[in-house]
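Engineer: So that we are looking at the same thing, I have put the structure below in structure tokens.
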Amino acid sequence: MSVTHEVFNQAEPLVGVNLFRSNRPLRDALKALAPGLDLAGLSVVGAEAGSAELQTHARLANHHGPVLHTHDAQGRRIDEVEFHPSYHALMEGALRHGLHGAPWSAAPLAHLERAAAFMLWTGAEPSTLCPVSMSYAATPALRANPALQAAWGPRLAGRRYDPRVIPFEGKTAVTMGMGMSEKQGGSDVRANRSRAEADGRDAWGERVRITGHKWFLSAPMCDAFLVLARGDAGLGCYFLPRWLPDGTRNAFAIQRLKDKLGNRANASSEVEFDRAAAWLVGEPGRGVAQILAMGTLTRLDCALGSAGLMRQALALALHHCHQRQAFGRDLIEQPLMTNVLADLALESEAATALALRLALAVDRSEHGGGDHDQDHERALRRLLNPIAKFWICKRGASYAQEAMECLGGNGYVEAEGAGVMARIYREMPVNSIWEGAGNIMALDLLRALRAADVAPALERELAAARGADAAFDAAADALLRELGGVTEEAQARRLARDVALLVQAALLQRQAPQGVFEAWCDSRIAARSDVWGLLGPRHDAKAIVQRALPVETDH
């Protein structure tokens, strides 16, 4: 075919950029929260996450989704999911970098470092981090069954990913999933009806046979799962492996894979248990508390994942607008576009700050010693967990839509998986829904506030920013007055928003330039902007955009 036109004024793909060295807000946040943290490993993760090779793996894993094989060629039931090789390449990298259970046996700050690496890896939008997150969250839960912890714990921290469908004894690294919700209950897990019948004891403790189903069981090719089922004492938490100690397959049937909006590389499934063998974890009848402790850690990852996706969406928008011209100027120089990009940059930096502060609270509450107040960190962890999950994830979908609009029609195009912005847009809602949607998080906030130490922990966290902005001071005074009398469930979402905005402001005051803090307080606290791109004329939008550009720097 003859050449009909020249292709020009099109942005090149954003590849070959170190996602850590080009993310100044992330680096500044880590320096403020943990000045002693060695950042060399994160630079390695950032280089790999931003590489053309990893982007290709992410595209292929999303475009060629998982396929369920219920039977083999001879008619035997196998219940196995086949993945594209790129899925396994992404999982291999995630485990190699310790994004799963590795931090639990590591030194202080390992959880914070892992959180930053998790955000960087999310920037590739690989849709493979669900089993990684669940393995991270399940590791401490097994402490409630010392025999299982001894057998499985070291492998949950193993860094050599092994995709083979074999008994766990033959692997140096394993992954874990979870099964909570059922058709009739969803988030109301107390409505679960799967039955756990006593089946004696063995080396792994109290054994049961589970009969029932799970409406959502993510990553069904994990080596084991924590599931809820109803025993004589009520709902219990049980460890259910794919393979039994005698080397036979457990009675675990995958009925179908979910056809989802996003998160396409990851297999989510509906399963049935037909007297599947499982072992009790924790106390009988205390399964909800046990598995919700695991859920608080996956909620951390929801916040981290959304913050990571925000940053990558922003980087794509900035990269595009820096190369694309319209009406005689680069898009990034157009005043309205500059304002929008600056507003998106503010939100991304604030999301990063809040997610990392929660990760630091997790780290400090797990590790004693040091110069921090462990009681304060535990209280802050209880407060920030539902706050970060609610607010960062809730903002994600709107954020991705605005970032997509910066690319125009090019942002809306899937391009057989090469449309990264479209993948990000489809991925965003899952973090808001998974592990408890917005209402569940708002109710968790009310529960957290019933503890006498939580409101004082919030007041202490906000104290450092006092006097820096009048709107911040007034909003903080009003919030702290309100906390003691909050009982109305219908107001819990507003309360969650207000806490999130003020904590984010306090963090920005500590770790960002003054102009970033002032723009945040003005737009989010004083003006309560309801549309992206409403920064007032007194704010230096160009400077905020310049700070956010995905350009590698050493400072």
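Heads up: the sequence shown begins at 13 in our numbering, then just goes up one per residue.
Even for Gly, the Cβ is constructed at its ideal location relative to N, Cα and C.
#1: Please specify which runs of the beta strand (DSSP E), each continuous and at least 3 residues long, are wholly inside the stretch 436 to 498, giving them in chain order.
#2: Using CA atoms only, rank isn't needed, just tell me which of A236, M131 and A61 is closest to T364.
#3: How big is the Cα-Cα spacing for I445 and R311?
#4: Under 8 Å, with one C-beta from each stretch per pair, do the stretch 270 to 277 and the stretch 212 to 225 reach the 3-pair mark?
#5: Out of S410, L470, A127 and D481, point me to the one whose CA is closest to R493's CA.
#6: If we call anything under 8 Å between Cβ atoms a contact, is A357 one with L547?
#7: Round the Cβ separation of E447 and C234 to the nearest angstrom and send it over; I've been treating them as touching at under 8 Å.
#8: What first and last residue would you give for the beta strand (DSSP E) that runs through W255?
#9: Run the CB neighbour count on Q516, radius 10 Å, all protein chains shown included, and call it buried at 16 or more, exposed below.
#10: Please return the same chain residues whose Cβ sits closer than 8 Å to the Cβ of K578, not counting the five positions on each side in sequence.
#11: Threshold first: 4 residues or longer. Then list the alpha helix (DSSP H) segments lying entirely within the stretch 57 to 134, N to C.
#12: Looking at chain B, is there any beta carbon in it that lies within less than 8 Å of the beta carbon of A118?
#13: Using the C-alpha atoms, what's the distance from S535 back to P95?
#14: Does the stretch 44 to 60 come into contact with the stretch 118 to 125, if we say contact requires no fewer than three beta-carbon pairs (one atom in each stretch) closer than 8 Å?
#15: Report all residues from its chain with a CB closer than 8 Å to the CB of E530; omit the five preceding and five following residues, and keep chain order.
#16: So does the stretch 242 to 262 actually touch the stretch 297 to 306, counting three or more Cβ pairs closer than 8 Å?
#17: Using the three-state DSSP reduction, which class does H388 fall into: helix, strand or coil?
#18: Please report the distance separating the alpha-carbon of A241 from that of S139.
#19: Going by DSSP, name the residue or residues bridged to W291.
#20: Quick check: the Cα distance between V442 and E218, rounded to an integer number of angstroms?
#21: Would DSSP call Q3 helix, strand or coil?
#22: On the three-state DSSP scale, how would you describe I178?
#23: Work out the CA separation of W544 and Q346 for me, nearest whole Å.
#24: Using 8 Å as the threshold, is the stretch 24 to 41 in touch with the stretch 72 to 86, meaning 3 or more CB pairs across them?
#25: Buried or exposed for K401, going by 16 or more other Cβ atoms inside 10 Å?
#26: Based on Cα-Cα distance, which residue from A153, A162 and Y148 lies nearest to R171?
#27: Over what stretch of residues does the alpha helix (DSSP H) that includes E209 continue unbroken?
#28: Between the stretch 159 to 176 and the stretch 101 to 118, are three or more C-beta pairs nearer than 8 Å?
#29: Among E426, R221, I404 and A391, which residue has its Cα nearest to the Cα of L321?
#30: Taking the alpha helix (DSSP H) that A362 falls in, what are its first and last residues?
#31: Can you grab the Cα-Cα spacing for the pair E389 / W116, in whole Å?
#32: Could you tell me the distance, in whole angstroms, from the CA atom of L328 to the CA atom of L51?
#33: Determine the closest residue to V374 out of E125, A156 and E417, with distance taken between C-alpha atoms.
#34: Please name the residue, chosen from G105, M349, T187 and I537, that lies closest to A553 on a Cα-to-Cα basis.
#35: Taking the C-alpha atoms as reference points, what is the distance between L395 and K226?
#36: Identify whether F529 lies in helix, strand or coil by the three-state DSSP scheme.
Structural biologist: Working from what's here:
#1: none
#2: The shortest Cα separation from T364 among A236, M131 and A61 belongs to M131.
#3: 10 Å
#4: no
#5: L470
#6: no
#7: Their Cβ separation, rounded to whole angstroms, is 16 Å, which puts E447 and C234 out of contact at 8 Å.
#8: First-last for W255: undefined, no H or E at that position.
#9: buried
#10: No answer is possible for residue 578: the residues shown for the chain start at 13 and end at 567.
#11: 64 to 75, 97 to 108 and 122 to 134
#12: Structure shown: chain B not included; a single protein chain is present.
#13: Reading off the sequence shown, one finds Phe at residue 95, where the question assumed Pro. C-alpha separation (whole angstroms): 45 Å.
#14: Touching, yes.
#15: D481 and H551
#16: yes
#17: helix
#18: 28 Å
#19: DSSP lists R219 and F251 as partners of W291.
#20: 35 Å
#21: Since the first residue shown for the chain is 13 and the last is 567, residue 3 is missing from the structure and cannot be characterised.
#22: It is coil, neither helix nor strand.
#23: Spanning the two alpha carbons is a distance of roughly 15 Å.
#24: no
#25: Under this definition K401 is a buried residue.
#26: Closest option to R171, Cα to Cα, is Y148.
#27: Run containing E209: none in the alpha helix (DSSP H); it sits in the beta strand (DSSP E), R207 to D214.
#28: yes
#29: I404
#30: P347 to E378
#31: 17 Å
#32: 24 Å
#33: E125
#34: M349
#35: 30 Å
#36: helix
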